[in-house]
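First up is the structure itself, then whatever we jot down about it.
Chains as they are written, first to last, in the numbering used here: chain Y, 1354 to 1448; chain R, 4 to 494.
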């Protein structure tokens, strides 16, 4: 079954900056894998309820208690860039 | 006997008899590692200082009469996708190079509370995506039985270290067979528990509805021990099982007489290598001779399980790995905008298999394709679960070979992702259903490579699975060890 893929759009959605050459390479591989995966479409699944999760459980709740959190300095020590108690990134809102 | 070759049970007994110390057990695995690591590369990090301190503390506690249980003083390895406070955790990815987690995974914390000595962090396919431990940014792990072969994956470092004796046991994680397949290829025991029995808190997520932590050991009894230590409800994992935990030893020692064992027709004939099939069938004969009722069972939807898995797992991975954005931790490349920063960091940080699966999952979840791919795969998942339920009306356990082949050559399948994916065909169905499964070594093929026998049981029925596993182990009596594990071979 032919599968249509706009690989540049997919890579953009995934936030992975690929070159033209890489896009072509991955596009071709995805084509092969998806054609195999598309076999699932051949199955008659009318009336079958999809399973998102193996356990029949919903809404795990716990008591609303204040508990210790991670140490701020220990967490920020792993930041690629920081400014005081903040993670520092390039501006993402134009003024 | 070199203490490094003892089972966990034997080491624990000698420790309490005063015949060996935790410091000596640690020295034994360190010696074995120093003789084999240059060839095998099981470890990304060996925590010499942390392990030494833990071993000394374990001896001191025992001397005071404090006994923390069966893992007290035993060196255990942990797959490097479980976070360890203060010890680098990379997931075999460049994007986490140098990352030192600020907390312990619950499974790791439970090991520590049980007195285990955490020896090091084992190599894996990047983010646990792969079946050969070749997709590691830090180089592949080799198979102790033959270093030209892969150890399987993704928990290849954990399986190889247990096989060669540079750890007494290890934790792996299993999303589509990542504990059981490497255990089979390395000739050790590997078990995936019922989904939810072991907390996923601190296990760096690949596919959250499929991932489960489990033990890799040299004996079935050791697998039960390690499983019991890490299993338990955890409020930090919203998917942690909340019911009563069944006793995995409830059926131990009862033998297999009268048990109904179903051989999965679709996974034990076509596509399975002759060397694997012959060891598999010999084991079935031994079980039948011991009084089990062996019948053939059909699970028609397993034909579609692999396809469904390669839509569901990448879909969940594409969402889970969105957190690696170069902002709060991990690799960051410069960019003029946040989007540029993220795209550049993720491009350089992720290897080819991870990139491929993120793209695949992004596509399967994107508008216009969701119903045809992801939605349909979720329905196939339901059909797999229904097939299992039907089968378990007639049989107590199901069995298959763990992997269609024994260890394949390094580089043999890396160029063709689909051929690599096919090596998980026997293990994937129980991840989709959430049921427990175990691989037990049952022999060597013509090339002297180990073959694994897989036992599947209904959810929460670990007891009957372990009961059959210990009987397979006893009946087959697989006791071969890789040449590298003997002091002559390693010298």
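Built from N, CA and C at the ideal position, the CB exists for glycine as well.
- Contact annotation for residue 8 (chain R) against chain Y: no contact, minimum CB-CB distance about 37 angstroms [criterion: below 8 angstroms].
- Residue 128 (chain R) is outside the set of residues whose beta carbon lies under 8 angstroms from a beta carbon in chain Y.
- For residue 154 (chain R), the three-state secondary structure derived from DSSP is coil.
- Interface criterion met: the Cβ of residue 1431 (chain Y) is under 8 angstroms from a Cβ in chain R.
- Burial check for residue 1412 (chain Y): the Cβ neighbour count within 10 Å stays below 16, so the residue is exposed.
- Taking the Cβ atoms as the reference, residue 1368 (chain Y) lies roughly 6 angstroms from residue 349 (chain R), within the contact range of under 8 angstroms.
- With the criterion set as a beta carbon lying under 9 angstroms from some beta carbon of chain Y, the members of the region 382 to 407 of chain R are 382, 383, 384, 385, 386, 387, 388 and 389, in sequence order.
- Using a Cβ-Cβ cut-off of 7 angstroms, residue 437 (chain R) is close to 1407 and 1408 of chain Y, given in chain order.
- According to the DSSP assignment, residue 352 (chain R) belongs to the alpha helix (DSSP H) that extends over 341 to 352.
- Beta-bridge pairing by DSSP links residue 176 (chain R) to R:216.
- The shortest CA-to-CA distance from residue 391 (chain R) to any of R:461, R:450 and R:478 is the one to R:461.
- Counting C-beta atoms within 10 angstroms of its own C-beta, residue 1405 (chain Y) has fewer than 16 neighbours from the protein chains shown and is therefore classed as exposed.
- Burial is judged here by how many other beta carbons sit within 10 angstroms of a residue's own beta carbon; residue 383 (chain R) has at least 16 and is buried.
- Secondary structure of residue 1410 (chain Y) (DSSP, three-state): coil.
- Listed by position along chain R, the residues whose Cβ is nearer than 7 angstroms to that of residue 1443 (chain Y) are 338, 339, 340, 341 and 344.
- If you draw a straight line from the Cα of residue 1400 (chain Y) to the Cα of residue 394 (chain R), it is about 21 angstroms long.
- Residues of the region 130 to 152 of chain R that bring their beta carbon within less than 7 angstroms of a beta carbon in chain Y are absent altogether.
- Membership of residue 428 (chain R) in any alpha helix (DSSP H) is not indicated, and neither H nor E is assigned to it by DSSP.
- At the C-beta level, residue 181 (chain R) and residue 211 (chain R) stay beyond 8 angstroms of one another.
- With a cutoff of 8 angstroms on beta-carbon distance, residue 198 (chain R) and residue 237 (chain R) are scored as not near each other.
- Restricted to the region 449 to 475 of chain R, the beta strand (DSSP E) segments that are unbroken, complete and at least 3 residues in length are 453 to 459, listed in chain order.
- Flagged as an interface residue toward chain R: residue 1367 (chain Y), by a C-beta distance shorter than 8 angstroms.
- Within chain Y, 1367 and 1369 have C-beta atoms less than 7 angstroms from the C-beta of residue 361 (chain R), given in sequence order.
- Interface residue (Cβ-Cβ distance to chain R less than 8 angstroms): residue 1427 (chain Y) is classified as such.
- In the pairwise beta carbon analysis, the region 146 to 162 of chain R is classified as touching the region 170 to 190 of chain R: at least three pairs are separated by under 8 angstroms.
- Close partners of residue 335 (chain R) in chain Y (Cβ separation under 8 angstroms): 1433 and 1434.
- Residue environment analysis places residue 284 (chain R) among the exposed positions, since fewer than 16 neighbouring C-beta atoms fall within 10 angstroms of its C-beta.
- Within chain Y, no residue has its beta carbon less than 7 angstroms from that of residue 208 (chain R); the closest one is some 14 angstroms off.
- Cβ proximity to chain Y below 7 angstroms picks out 307, 310, 311, 313 and 314 from the region 300 to 318 of chain R.
- Annotation: residue 204 (chain R) is outside any alpha helix (DSSP H) and is labelled neither H nor E by DSSP.
- With a threshold of 8 angstroms between beta carbons, residue 1419 (chain Y) makes no contact with chain R.
- Closer than 9 angstroms at the C-beta level to chain Y, one finds these residues of the region 219 to 238 of chain R: 238.
- With respect to residue 251 (chain R), residue 466 (chain R) sits close: the two C-beta atoms are nearer than 8 angstroms.
- Considering only R:59, R:208, R:60 and R:120, the residue with the shortest C-alpha distance to residue 129 (chain R) is R:208.
- Approximately 18 angstroms separates the beta-carbon atoms of residue 185 (chain R) and residue 122 (chain R); this is outside 8 angstroms, ruling out the contact.
- According to the DSSP assignment, residue 404 (chain R) belongs to the beta strand (DSSP E) that extends over 400 to 404.
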